[in-house]
Structures are given as structure tokens and as C-alpha cells.
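In what follows, a single structure is set out as C-alpha cells and then discussed.
Numbering (our numbering), first residue to last: 18 to 58.
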């Protein structure tokens, strides 16, 4: 599921179809998830 989502995100980014603001919001959400996951461990 995660690799498919990443692929779906990277394809529009490479073609420039995704706004930078959307990419930043997704990136911040991903970083927040990673930090939460590390705290759980």
C-alpha cells in the first residue's frame, strides 16, 4: 500500500502536476508520522 502511494505521489511530482504547497503538506504529515512512530518504538 505504501509503495503504491509513494509511486502515485512521485509520478505527478516528476511531471510537475502537483503544487509545491501540497507536496510540503504531505511531506510534513509524513515527517510527523515518522516522528510519532519513532517515539512509539
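Where is the CB? At the ideal position from N, CA and C, for every residue including glycine. Just so it is clear, the structure is predicted and the values come from calculations on it, not from any experiment.
For residue 48, there are no CB contacts under 7 Å within the same chain when 5 residues up- and downstream are skipped. In the displayed model, residue 58 falls within coil according to three-state DSSP, outside both helix and strand. Straight across, the Cα-Cα distance linking residue 52 with residue 42 is about 15 Å.
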